[in-house]
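According to UniProt numbering, the sequence shown is numbered sequentially starting from 1.
Written below as structure tokens is the structure these notes are about.
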Amino acid sequence: MTVAGRADRVFITGASSGIGAALAREYAARGATLGLVARRGQVLAELVASLPHPERHRSYALDVCDHAALEAAAHDFMARAGGADIVIASAGISHGTLTDRPEDLAVFEAVFATNVNATVATFAPFITPMKAWGGMRRLVAIGSVAGIRGMRGAGAYCASKAAVHAYSESLRLELKGSGIRVVTIAPGYIDTPMTRHNRFPMPFLMPAERFAAAAVRAIARGDSYRVLPWQMGVAAGLLRALPNVLFDLLFARAPTKPRKEAA
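Printed below as a string of structure tokens:
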């Protein structure tokens with residue numbers, strides 16, 4: 001997608017690895033100007049240096065839970081790039097959690113802070129300027145098929161991604177007619193450092209590069225909701241349709257996510 005023949009200006013959080021980094025590479029290959037956010041400044045700098053035309057891109061080493069720093073980065077990118085066309089909230093964390101473990105309450109809070117609250121904080125600085133600019137603009141939330149049904153031992157992650165889906169739907173309605181399209185991308189199993197910690201089979205595992213190419217196409221179309229890969233979308237739809245009694249029988253003993261090690 002381009003605006004008036006000009007390459008996109010794209011702001012991506014969680015850009016130093018995994019899905020965020022794959023999206024950065026895909027957009028850079030298409031000639032976009034990027035604003036990239038991640039905590040690991042050195043890794044982020046190395047990514048920027050590896051992209052075509054690294055001089056075009058801006059990197060911001062910060063924690064997305066620092067909303068003031070995130071807002072400052074957003075305004076700096078808009079000022080330097082002359083605006084923004086696509087904003088992708090890709091920062092996310094995943095840990096197994098058990099509600100009966102008191103130490104896991106802090107993990108729940110951290111997962112929601114990164115996966116949900118930071119998504120809101122990522123979009124907020126861009127909405128008013130985007131409305132004023134007009135044209136084709138996109139706010140993109142990275143959800144997950146994990147947000148479609150809750151899985152044992154993954155309460156924090158599943159609930160946070162369900163919240164991202166519902167928040168994005170609400171925002172889509174709020175912005176209808178504004179020229180800003182809200183796109184929700186729900187990845188299935190994508191080959192990233194996050195999924196490599198999983199101790200269970202991952203059907204339809206998709207390379208991050210293929211995911212990024214498909215996601216960019218969905219974003220350009222302005223799809224309201226897209227599960228990738230498509231096979232996982234079919235599987236997720238079937239899971240959603242299962243009666244609770246059958247779902248519980250099938251998944252009550254499913255393997256769990258690894259819990260975060262105590263500090």
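All C-beta atoms in this analysis are idealised placements derived from N, C-alpha and C, irrespective of residue type, glycine included.
Fair warning: this is a prediction, and the values are worked out from it, not measured in the lab.
Supposed contact pair residue j and residue i - C-beta distance, whole angstroms, cut 8 Å
i           : j           : result
residue 225 : residue 192 : Going by Cβ atoms, the distance from residue 225 to residue 192 rounds to 21 Å, so no, they are not a contact pair.
residue 41  : residue 98  : So it is not a contact: roughly 34 Å between Cβ atoms.
residue 91  : residue 14  : 3 Å
residue 89  : residue 118 : 7 Å
residue 85  : residue 137 : 6 Å
residue 251 : residue 151 : 7 Å
Unbroken beta strand (DSSP E) run spanning residue i, endpoints
i           : result
residue 35  : 33–38
residue 107 : Not the beta strand (DSSP E): residue 107 falls in the alpha helix (DSSP H), residues 104–112.
residue 283 : The first residue shown for the chain is 1 and the last is 263, placing residue 283 beyond what the model contains.
residue 87  : 86–89
Exposure label - residue i; buried when at least 16 CB within 10 Å
i           : result
residue 262 : In this prediction, residue 262 scores a pLDDT of 49, lower than 50, which makes its location untrustworthy; no coordinate-derived value is stated.
residue 237 : exposed
residue 255 : exposed
residue 241 : exposed
residue 115 : buried
residue 47  : buried
residue 4   : In this prediction, residue 4 scores a pLDDT of 39, lower than 50, which makes its location untrustworthy; no coordinate-derived value is stated.
residue 8   : buried
residue 59  : buried
residue 36  : buried
residue 44  : buried
residue 139 : buried
residue 128 : exposed
residue 95  : buried
residue 245 : exposed
residue 173 : exposed
Per DSSP, the bridge partner or partners of residue i
i           : result
residue 96  : 259
residue 137 : 180
residue 61  : 38
residue 248 : Beta-bridge pairing links residue 248 to no other residue.
residue 191 : 207
residue 154 : 97
residue 142 : 185
Residue i, enclosing alpha helix (DSSP H) - first and last residue
i           : result
residue 240 : 230–241
residue 219 : 208–221
residue 74  : 67–81
residue 19  : 18–29
Any non-hydrogen atom of the ligand FAD closer than 7 Å to residue i Cβ
i           : result
residue 259 : With respect to the ligand FAD, the structure offers nothing, as it holds no ligand at all.
The stretch 19–33 in contact with the stretch 220–240 per 3-pair CB rule at 8 Å:
no
On the three-pair Cβ rule with 8 Å, is the stretch 206–214 touching the stretch 156–165?
no
Meets three-Cβ-pair contact criterion under 8 Å: the stretch 47–54 and the stretch 101–119:
no
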